[in-house]
Amino acid sequence: MLRITELKLPLDHSQALLNEAIRHRLAISNDELIGFTIFRQGVDARKQQAINLIYTLDVETTNEPSILTRLQDDPFISITPDTTYRFVAQSSGNWHERPIVIGTGPCGLFAGLILAQMGFKPLILERGKSVRERTKDTFGLWRNRVLNPESNVQFGEGGAGTFSDGKLYTQIKDPHHYGRKVLTELVKAGAPEEILHVSKPHIGTFRLVSMVEHIRATIESLGGEIRFQSRVDELIIDNGQVTGVTLSDGEMISSRHVVLAVGHSARDTFNMLYERGVYIEAKAFSIGFRIEHPQALIDACRYGSHAGHPKLGAADYKLVHHCRNGRTVYSFCMCPGGTVVAATSEIGHVVTNGMSQYSRNERNANSGIVVGITPEDYPGHSLAGIALQRHLEAHAFELGGGTYQAPGQLVGDFLNNKPSSALGSVQPSYTPGVQLGDLATALPNYAIDAIREALPAFDKKIKGFTMNDALLTGVETRTSSPVRIKRNAFYQSINTQGLYPAGEGAGYAGGILSAAVDGIKVAEAVALAMIGGQ
Ligand SMILES: Cc1cc2nc3c(=O)[nH]c(=O)nc-3n(C[C@H](O)[C@H](O)[C@H](O)COP(=O)(O)OP(=O)(O)OC[C@H]3O[C@@H](n4cnc5c(N)ncnc54)[C@H](O)[C@@H]3O)c2cc1C
């Protein structure tokens, strides 16, 4: 197969035009073209009057070698890479101890799935409930302002990405095409096939629930086991080697291979690891607010007269501004046609995040507007970033009136440094409710100053971004892990053998796809170590 990249065609092109463009690019006749598949399809909306679709195509022809020789200097034509996933090991099934995976987020689920597919029958331990039970608890906070600290947006089957936009793109380097393996497994689990070829695939919350159940069933059918409401409270370490874990009910389970895929909100687990002497260091993350605009404003600004075109869907954006005070402000986890969600896992805290359904047809667009911060902003202790997150989240809870409402302010008022007292045209989507007031004390001064500088700069890119009635809610603190649990070339902790820190919580991923990819890498490391008798 031949791969053609960067093939641009107008938004409303016909199938015939696509065929013709392929033949033209390869300079071949109709008879020489056997067929093609779309590997990737993206949108180039830089010029509103001429929005294009950009294709990467895999083309089958009758005379591949001669085309390749003829077009060897064309940078946009090559041999299609082999993206088939191959297992690094296959278990003989002769183990007296199973590998343990802690957490069923994308990282833990994919580590568990790959181990199961290789025959290692993992035991997967999850502190929260199964996904349907968890959904009820999550709605408990969103609708009734009742938080279950063990079953919520962060904790439970599927991990943090279950109630999300389900965006599935990442900027990680992926020379071994692990991302393709993830997407292929997700399609088997019920994701729409288009995620295999659109450039910015997303799934939406509703489908994610049944997909997570499907992956669980696959793991179980291969001999793996998943236990819910099984929080790991202790790591048993003997002479620098992990030998097992203790659950919250006191049960001890032996294993010399433990994958730690606990996500960025397992603060008690990080504390336990720190106390046990596992090497942890503070890591940079970001803090800020969520912003909501009418989706129609974003669509009109990005797509002009093409806004609403069925091939385009709800428009997204990605914004960055480097501030005079040295800070960088950027948009984070943008959710077109979505809702702002209550994302705390701790009593007496308020945290915002965003999600959407597959259709992305809610009236507001939302995204985090966040400021990068580093350990220099929270010096002294490996877990100091967690202390800062807690402080900001508890303060947001107070500002919101102490009932899980989010504190909010209109963008116009925020920029003019005056408290808000009434909503304008943008109705908040955050369902526990919004308490309007003044967000100036919700973040450190340097972050407030940076956001005040960045918003007008963003307005230059998206006209109307600083519309008076756009709404800020806060606080956005769980943008990534505030710690890194360092690991060596064998994916094990640098001072605790047999512990495999993985995924977002350990500082090795920043989203669903990258966490799942990390899960595959770590599963391979576990398999090779078990086969090698370590
Ligand atoms: C509302 C929201 C929307 C998001 N939207 C997107 C998006 O659209 N696209 C995207 O790429 N990313 C999104 N993210 C981020 C994404 O969800 C995370 O990057 C990803 O889930 C990280 O995967 P993980 O497996 O490393 O950790 P997690 O998904 O956080 O999973 C960790 C799991 O470990 C469990 N656990 C924790 N401690 C213990 C313990 N001691 N014992 C047993 N189990 C434990 C938790 O209950 C949890 O299930 C979103 C996040 C949120 C909260």
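Here the sequence shown is numbered in my numbering, starting from -16 and rising by one per residue.
For glycine and all other residues, C-beta sits at the position ideal for the given N, C-alpha and C.
Just so we're clear, the structure is a prediction, and the values are computed from it rather than from any experiment.
Residues near residue i by beta carbon distance below 6 Å, same chain, minus five either side
i, result
"L438", "T449"
"D421", "P402"
"C316", "G337 and G351"
From the options, residue whose alpha carbon lies closest to that of residue i
i, options, result
"H240", "V71, I107, L54 and L51", "I107"
"R23", "Y38, Q73, A405 and L454", "Y38"
"Q475", "K(-9), K30 and A512", "A512"
"N451", "V466, D396, P484 and V417", "D396"
"V114", "R190, Y161 and N46", "R190"
"S342", "D148, A453, S213 and R310", "D148"
"P89", "Y491, I514, Q388 and G516", "Y491"
"A265", "I281, F253, H305 and V354", "F253"
"V165", "G95, F138, G363 and P402", "G95"
"Y286", "H7, M(-16), N2 and A28", "A28"
"D56", "L9, M255, T20 and G91", "L9"
"H79", "G384, E203, P319 and S237", "S237"
"V505", "Y161, Q224 and N13", "Y161"
"L98", "N399, I83 and G233", "I83"
"S537", "T414, D282 and E109", "In this structure the chain extends from -16 to 517, so residue 537 is not present and cannot be described."
"D501", "G515, P132 and A485", "A485"
"K446", "D282, T311 and G481", "D282"
"G139", "R199, Q212, T153 and R163", "Q212"
"A379", "L455, S248 and G296", "L455"
"H7", "D(-5), V458, I60 and G25", "I60"
"V334", "L406, R250 and R461", "R461"
Contact test: residue i Cβ vs ligand 1 heavy atom, cutoff 7 Å
i, result
"K150", "yes"
"P484", "no"
"F593", "Nothing can be reported for residue 593: it is not among the residues displayed for the chain, which extend from -16 to 517."
"C306", "no"
"I495", "yes"
"F122", "no"
"I178", "no"
"I34", "no"
"H247", "yes"
"L108", "yes"
"R69", "no"
"I50", "no"
"M235", "no"
"N254", "no"
"N347", "no"
"I85", "yes"
"N336", "yes"
"V165", "no"
"R214", "yes"
"V195", "no"
"A326", "yes"
"A492", "yes"
"C284", "no"
"G320", "no"
"E487", "yes"
"G562", "Coverage of the chain is limited to positions -16 through 517, which leaves residue 562 absent and any answer about it impossible."
Contact set for residue i: own chain, Cβ-Cβ below 7 Å, skip 5 residues either direction
i, result
"H197", "A172 and G173"
"M101", "F70, A72, Q73, S74 and A510"
"I11", "T44 and I50"
"F146", "T121, V136, T188, V324 and M338"
"L302", "Y313, S314, F441 and K444"
"G519", "In this structure the chain extends from -16 to 517, so residue 519 is not present and cannot be described."
"I5", "I(-13), L16, F19, L40 and V42"
"Y429", "N308 and R310"
"R527", "Here the chain has residues from -16 to 517 only, and residue 527 is not among them."
"L496", "L151, Y152, T153, G162 and V165"
Beta-bridge partners of residue i, as assigned by DSSP
i, result
"M235", "T229"
"C318", "N349"
"Y38", "L(-10) and Q24"
"Y313", "V303 and V353"
"I60", "I(-13)"
"H185", "K150"
"Q418", "P390"
"G271", "V353 and E459"
"Q480", "Q224"
"L454", "E275 and L393"
"R210", "L108"
"V84", "I107 and V242"
"T118", "Bridge partners of T118: none, in fact."
"I219", "G227"
Same chain only: Cβ atoms within 8 Å of residue i, ignoring 5 sequence neighbours per side
i, result
"D442", "F448 and T449"
"L205", "A99, Q100, G102 and K104"
"Y257", "I263, S365 and L366"
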